[in-house]
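Read through the structure below, which is laid out as structure tokens, and then see the notes.
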Amino acid sequence: MIRPTPEEKKQWEEEGYLVFEDAIQGDQLKRLQSAFDYWAAECKDEWLDRVEAGEAAATFYDIPNPLEKDTIFIDIIDHPSYYGALMEFTEDDVILLGPQVRTVAPFPVSYTGWHPDVGKDNPLHIKVQIYVGDVPANGGEFGFVPGSHKPDSGPYKRPLFQESMPGHKTFPGKAGTAIMFNSCGWHASMDNATNEPRKSIILIYEKRTPGRIGPEQFAAISGHCQTPERRRLFSLPDLTS
Amino acid sequence: MPRIDAHLHVFTKVTPEFPREVTPICPAEREEPAEKLLDVMEENQIDQAVLVQIGGTSIDHHSYLLHCLNSYPDRFLGIGVVPINHPNPADHMSALAEGSGIIGFRLFELGGPRDIFETKDVQDIRAYHIWKCAAEKDYVLWLYPRSIDAHLLPYLIQEFPQVRVVLNHLGMTPGKGKFSLDELGRPQIQVSGYNLNMHTTYRLARYENVSVHLSGQYAFSKQDYPYKDLAGWHHNLLNDFGVKRLMWATDFPWILEKPGYGELTSVIEELLPHLSESELADIMGGNAKRILRFPNRNT
Numbered sequence: 000m001i002r003p004t005p006e007e008k009k010q011w012e013e014e015g016y017l018v019f020e021d022a023i024q025g026d027q028l029k030r031l032q033s034a035f036d037y038w039a040a041e042c043k044d045e046w047l048d049r050v051e052a053g054e055a056a057a058t059f060y061d062i063p064n065p066l067e068k069d070t071i072f073i074d075i076i077d078h079p080s081y082y083g084a085l086m087e088f089t090e091d092d093v094i095l096l097g098p099q100v101r102t103v104a105p106f107p108v109s110y111t112g113w114h115p116d117v118g119k120d121n122p123l124h125i126k127v128q129i130y131v132g133d134v135p136a137n138g139g140e141f142g143f144v145p146g147s148h149k150p151d152s153g154p155y156k157r158p159l160f161q162e163s164m165p166g167h168k169t170f171p172g173k174a175g176t177a178i179m180f181n182s183c184g185w186h187a188s189m190d191n192a193t194n195e196p197r198k199s200i201i202l203i204y205e206k207r208t209p210g211r212i213g214p215e216q217f218a219a220i221s222g223h224c225q226t227p228e229r230r231r232l233f234s235l236p237d238l239t240s
Numbered sequence: 000m001p002r003i004d005a006h007l008h009v010f011t012k013v014t015p016e017f018p019r020e021v022t023p024i025c026p027a028e029r030e031e032p033a034e035k036l037l038d039v040m041e042e043n044q045i046d047q048a049v050l051v052q053i054g055g056t057s058i059d060h061h062s063y064l065l066h067c068l069n070s071y072p073d074r075f076l077g078i079g080v081v082p083i084n085h086p087n088p089a090d091h092m093s094a095l096a097e098g099s100g101i102i103g104f105r106l107f108e109l110g111g112p113r114d115i116f117e118t119k120d121v122q123d124i125r126a127y128h129i130w131k132c133a134a135e136k137d138y139v140l141w142l143y144p145r146s147i148d149a150h151l152l153p154y155l156i157q158e159f160p161q162v163r164v165v166l167n168h169l170g171m172t173p174g175k176g177k178f179s180l181d182e183l184g185r186p187q188i189q190v191s192g193y194n195l196n197m198h199t200t201y202r203l204a205r206y207e208n209v210s211v212h213l214s215g216q217y218a219f220s221k222q223d224y225p226y227k228d229l230a231g232w233h234h235n236l237l238n239d240f241g242v243k244r245l246m247w248a249t250d251f252p253w254i255l256e257k258p259g260y261g262e263l264t265s266v267i268e269e270l271l272p273h274l275s276e277s278e279l280a281d282i283m284g285g286n287a288k289r290i291l292r293f294p295n296r297n298t
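If you read the protein sequences in the order shown, they are chains A and B.
Here the first sequence is numbered in numbering that gives the first Met the number 0, starting from 0 and rising by one per residue.
Here the second sequence is numbered in numbering that gives the first Met the number 0, starting from 0 and rising by one per residue.
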């Protein structure tokens, strides 16, 4: 586990994000890409049926229950590239809320406008977005307003055009890049003017609060969680209890 | 500023003069004529209205709509229907609109690839020629598309930026198999609690030629009037589209019995209580007058 440097801690506090280039690389990245593509293809027809039924958005889809489909999706939850930072910022008490293994279609407008996920009084809520494929500028890359997580920031208003958000920064990146951000800060997916879908995984964490996630939530992968640390991360009961 | 009901339906019993399709929602003997509408409008200080075709897509099926527009030219404008598979939609649209008070056409489907990843060429979308005609003739397009077609809208809107587009009923896009009739015989649409349209139709707010109806609450809400569970959707639409691109409508006659036409005239104040007087006036008619180019009412 790699703890953040003083510079990284300062950036996290002041700007609300950190970028980990090559967070996932080599054979592990290839394995992640392969699992992502396989399961995205497998799940696509079911998603289209749900779009037709008005039960799913037409502009993106998530692989359902990814942790149960391939262990690579479990292994990235506590990946050493960024797990130390997660632990540091949550005072060593982080829980996983869930993963979104997401394919975003090329579309003239971004599938989501600028928004915060939670209010500033929420327990620290952190997302890590991992690019599974290369995400170029104007390719649906992540956008964030540095400093918008701070209590005295704002107020902010959602603009009609993504690029009109005052003070925002965009994050094009190579496959394997991970972007960690405080999700009470304002963020968005930028427009995708390319013909390629954006493939990324969004991992959602929070500083633990009692009862936030029950032991049943991730019970299906209990067998893959053999260390006390991992069981706490997935809100699973201790093996000795 | 006039108060304009921007989306409703009138129809008569089926007669040789006014033929129409018979459906569960419009049985042969049911009638909701324009004169009945004018009475409730008068009672509630509503000046004008948009009559939206119901009861079939053929020219003949539009007979009663055309009769009403001809009889009350300063009170009503009309929206016709053009079938997506019409071999020559421009002829159909021109035949209905020329000199009649019909200002546009309603579409329920767009006819493109169901898979957003396969949407490549806008001309492959079957509704393309309808949009092209609307662009050339300055017709309004009145849209209540299926969920599976919602992703096609930005391609068509970008191709034809001059077309005035009005998204019906809160910008909702009904899912297949989610339509039914309630105990009063009126439309009921089963929708997800999480509003998926935020990702498709609400994202169209960036296009200045797109407006939205604040209407149809009875069909989506899980509560009785004033449908407080839909307040968030109204706030989001106000935030995204702004006060100048929202139009109030009742969807008469489906609301006559429950909650009543009078109640519907207050639904915007109930769901958007922080509007100023002038903002409310815009939504209650000013926007419809400007966007749809309503004539001044004769006094």
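Built from N, CA and C at the ideal position, the CB exists for glycine as well.
Just so it is clear, the structure is predicted and the values come from calculations on it, not from any experiment.
query: Residue from A/GLU45, A/PHE88, A/CYS42 and A/ALA174 with nearest C-alpha to A/ARG207; result: A/PHE88
query: C-beta atoms of B/VAL211 and B/LEU263 nearer than 9 Å; result: no
query: B/ARG244 (DSSP reduced to helix, strand or coil); result: helix
query: N- and C-terminal bounds of the beta strand (DSSP E) containing A/LYS126; result: 124 to 130
query: Within-9 Å CB hit, A/THR208 to chain B; result: no
query: 9 Å Cβ cutoff met for A/GLY138 and A/ALA177; result: no
query: Same chain only: Cβ atoms within 7 Å of A/GLY83, ignoring 5 sequence neighbours per side; result: MET0, ILE1, ARG2 and PRO3
query: Bounding residues of the beta strand (DSSP E) (the contiguous stretch that carries A/PHE160); result: Run containing A/PHE160: none; DSSP gives neither H nor E here.
query: Among A/LEU238, A/GLU205, A/THR239 and A/ASP237, nearest to A/GLY97 - alpha-carbon criterion; result: A/GLU205
query: Expected contact under 8 Å - CB spacing of B/PRO144 and B/GLU108 to nearest Å; result: 6 Å
query: Beta-carbon proximity list for B/GLN44, same chain, < 7 Å, skipping 5 on both sides; result: ARG2
query: Anticipated Cβ contact below 8 Å, A/PHE141 with A/HIS186, distance rounded; result: 7 Å
query: is_contact[A/ARG101, chain B] using C-beta, thresh 9 Å; result: no
query: Inter-residue spacing [alpha-carbon to alpha-carbon] between B/ASN18 and B/HIS60; result: First, the residue type needs correcting, since residue 18 of chain B is Pro and not Asn in the sequence shown. Distance between the alpha carbons of B/PRO18 and B/HIS60: 6 Å.
query: Sub-9 Å separation of B/ASN208 and B/VAL164 beta-carbons; result: yes
query: First through last residue of the alpha helix (DSSP H) which encompasses A/VAL93; result: No alpha helix (DSSP H) contains A/VAL93, which is instead part of the beta strand (DSSP E) from 93 to 103.
query: Rounded C-alpha distance that separates B/VAL51 from B/GLY79; result: 6 Å
query: Start-to-end residues for the beta strand (DSSP E) that takes in B/PRO186; result: 186 to 188
query: Under the three-state DSSP convention, the category A/SER199 falls into; result: strand
query: Given 8 Å, three or more beta-carbon pairs between the region 217 to 231 of chain A and the region 108 to 115 of chain A; result: no
query: Residue-chain proximity (B/ALA96, chain A), Cβ-Cβ < 9 Å; result: no
query: Chain-ordered chain A contacts of B/ILE24 [CB-CB under 8 Å]; result: Residues of chain A passing the Cβ test: none, with the nearest at roughly 20 Å.
query: Given 8 Å, three or more beta-carbon pairs between the region 218 to 234 of chain B and the region 186 to 197 of chain B; result: yes
query: For A/LYS198, the nearest candidate out of A/ALA39, A/ILE23 and A/GLU13 (CA to CA); result: A/ALA39
query: Limits of the unbroken beta strand (DSSP E) element including B/GLN47; result: 47 to 51
query: CB contact below 9 Å: B/SER146 versus chain A; result: yes
query: Near-chain A residues of the region 93 to 122 of chain B (beta-carbon distance less than 9 Å), N- to C-terminal order; result: ARG113, ASP114, ILE115, PHE116, THR118 and LYS119
query: Below-9 Å beta-carbon distance, B/SER179 vs any chain A residue; result: no
query: Nearest-angstrom beta carbon gap, B/TYR206 and B/GLN216 [assumed within contact, 8 Å]; result: Rounded, the Cβ-Cβ distance is 24 Å, inconsistent with contact.
query: Minimum C-alpha distance to B/ILE147 - residue among B/THR200, B/CYS67 and B/MET0; result: B/THR200
query: Status (buried if at least 16 other CB within 10 Å, exposed otherwise) for A/TYR37; result: exposed
query: Bounding residues of the alpha helix (DSSP H) (the contiguous stretch that carries A/MET189); result: Where A/MET189 is concerned, there is no enclosing alpha helix (DSSP H), given that its DSSP letter is neither H nor E.
query: For B/ASP120, the three-state DSSP class (helix, strand or coil); result: coil
query: Exposed unless 16 or more other CB atoms sit within 10 angstroms - verdict on B/ILE58; result: exposed
query: Bridge-paired residues (DSSP) for B/LEU106; result: B/LEU142
query: A/ASN181, DSSP secondary structure in three states; result: strand
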